[in-house]
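Working notes, beginning with the structure itself.
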Amino acid sequence: MDEPGEPLPLTPGHFLIGEALVNVPDRQCESSNLSLLSRWQFVQGMVQSFWKRWYNEYLSNLMNRYKWSYKVPEPKIGDIVLIKEDNLPPSRWLLGRILEKHPGDDGITRVVTLRTKSSTIKRPTSKICILPVAE
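As structure tokens, then:
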């Protein structure tokens, strides 16, 4: 059972309309006379809230920090990754494929060469999120 104040799990409806598909609209929302600007601001707030939750709940799990306690998963050539950009929202991050690894003197890969849809770039492994692939 859900605890009060605990966030609800993300559903496909959150991607489509910003809330679960099984929810019935509130009566006061149906009958209220919201201006277009107010409605737009509300929707923008919902979108920002969604991306914040997506980043905190999903992406942060992909980028677990294993420093000093676990072996960090080694990126493999051919892995599909999200390329993290600090100045862009997650919805604008590019997809890329690892073409080449550049291990250091200690044999640990900290930089990779990636192919995006328009270019080939080098990025540190701290700025990529390896996406899980169904096998």
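The numbers in the sequence shown follow our numbering, run straight up by one, and end at 135.
Note that CB positions come from ideal geometry on N, CA and C, so glycine has one too.
Through-space distance from residue j to residue i, alpha-carbon basis
{"i": "W40", "j": "P103", "result": "48 Å"}
{"i": "N56", "j": "E85", "result": "16 Å"}
{"i": "R97", "j": "P132", "result": "13 Å"}
{"i": "S119", "j": "R92", "result": "16 Å"}
Minimum C-alpha distance to residue i - residue among the options
{"i": "T116", "options": "L36, L82, P73 and V43", "result": "L82"}
{"i": "R110", "options": "L95, S118, S119 and R123", "result": "R123"}
{"i": "I108", "options": "L95, T125, V43 and S38", "result": "T125"}
{"i": "G183", "options": "D105, I121 and M46", "result": "Outside the shown range of the chain, which is 1 to 135, sits residue 183, and nothing can be said about it."}
Coarse secondary structure for residue i, derived from DSSP in three states
{"i": "P103", "result": "strand"}
{"i": "V133", "result": "coil"}
Cβ distance (whole Å) where residue i is taken to contact residue j below 8 Å
{"i": "V112", "j": "I128", "result": "7 Å"}
{"i": "L95", "j": "I77", "result": "About 16 Å; that fails the 8 Å criterion."}
Cross-strand partners of residue i (DSSP beta bridge)
{"i": "P138", "result": "Since the displayed the chain opens at 1 and closes at 135, residue 138 lies outside it and no answer follows."}
Beta carbon proximity, residue i to chain C, threshold 8 Å
{"i": "F50", "result": "No chain C appears in this structure, which consists of one protein chain only."}
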